[in-house]
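The block underneath contains the structure these notes are about, expressed in structure tokens.
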Amino acid sequence: MGLVSFIKEAGAFLFGHSAGNPASASASSELSVDVLQKQAAAVGVAVDNLAIELNDGTATVHGSVGNQADREKLILAIGNTPGVAQVDDLLVVNAPGAAQGGGQPAATLYTVKKGDTLSAIAKTYYKDASKYPRIFEANRPMLGDPNKIYPGQVLRIPPEA
166 MGLVSFIKEA GAFLFGHSAG NPASASASSE LSVDVLQKQA AAVGVAVDNL AIELNDGTAT
226 VHGSVGNQAD REKLILAIGN TPGVAQVDDL LVVNAPGAAQ GGGQPAATLY TVKKGDTLSA
286 IAKTYYKDAS KYPRIFEANR PMLGDPNKIY PGQVLRIPPE A
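Structure (structure tokens):
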């Protein structure tokens, strides 16, 4: 995936007392590698040799995961943290055929705009608003409720089956 951009002032914590709630801009002052590791752990993705470096709003992520979907969830959990502007994805996918491109296709990343709903996003990408659960499930556990998305949040839009 390489370098993925996020809105530094947007984000939500996946753990603690403010879990699931968009954070205020002041929350970015609490940003640390420890916070990013907790964000990664909250997703529940199995990752070997996870290493995260943080430098001026850019998080560099190393390690290996079992599939493309886990890679994307990990990157989004870290990138959708208040104070993170970019994620440098150096993760390796250890799946059969991954090196030859035979693994899962990459999802599209979408930045939520004011007024967006999962139904509207599904209509745009799948031409069918009723397919919003596909987007919701692709972004669990980062999303706990399909009606709670916020401007600046980056979501996975899986390819149409």
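Numbering (the working numbering), first residue to last: 166 to 326. Even glycine gets a Cβ: it sits at the ideal position worked out from N, Cα and C. These figures come from a predicted structure and were not determined experimentally.
*asked:* Classify residue 218: buried if its beta carbon has 16 or more other beta carbons within 10 angstroms, exposed otherwise.
replied: Within the sequence shown, residue 218 is the residue found at index 53, counting from 1. By the 10 Å Cβ count, residue 218 comes out exposed.
*Counting only the same chain and skipping the five closest in sequence on each side, list residues whose C-beta sits under 7 Å from that of residue 242.*
Taking the sequence shown and counting its residues from 1, one reaches residue 242 at position 77. Closer than 7 Å at the Cβ level, and outside the excluded window around residue 242, lie 179, 204, 205, 207, 208, 307.
*Excluding sequence positions up to five away, which residues of its chain have a Cβ less than 8 Å from the Cβ of residue 167?*
In the sequence shown, the residue the question calls residue 167 occupies position 2. Counting only Cβ-Cβ distances below 8 Å, and skipping sequence neighbours, we find 253, 254.
*Kindly indicate which residue of 322, 318, 303, 305 has the alpha-carbon position closest to the one of residue 292.*
For the purposes of this step, residue 292 is taken as the residue at position 127 of the sequence shown. That would be 322, whose Cα lies nearest to the Cα of residue 292.
*Taking only runs of the beta strand (DSSP E) that begin and end inside the segment 251 to 291, which ones reach a length of at least 3 residues, in chain order?*
Those beta strand (DSSP E) runs which fall completely within the segment 251 to 291 and span 3+ residues are 251 to 258, 273 to 276.
*According to DSSP, what are the bridge partners of residue 312?*
For the purposes of this step, residue 312 is taken as the residue at position 147 of the sequence shown. In the DSSP output, where bridge partners are listed per residue, residue 312 has none listed.
*Quick one: grab the DSSP three-state call for residue 178.*
On the sequence shown, position 13 is the one that residue 178 refers to. In the three-state reduction of the DSSP assignment, residue 178 falls in the strand class.
*For residue 226, which of helix, strand or coil comes out of DSSP?*
The sequence position of residue 226 within the sequence shown is 61, counting from 1. If DSSP states are grouped into helix, strand and coil, residue 226 belongs with the strands.
_8 Å CB neighbourhood of residue 287 in its chain, flanking five on each side removed_ = Position 122 of the sequence shown, counted from the start, is the residue given in the question as residue 287. The answer, listed in chain order, is 293, 294, 295, 296, 297, 299, 300.
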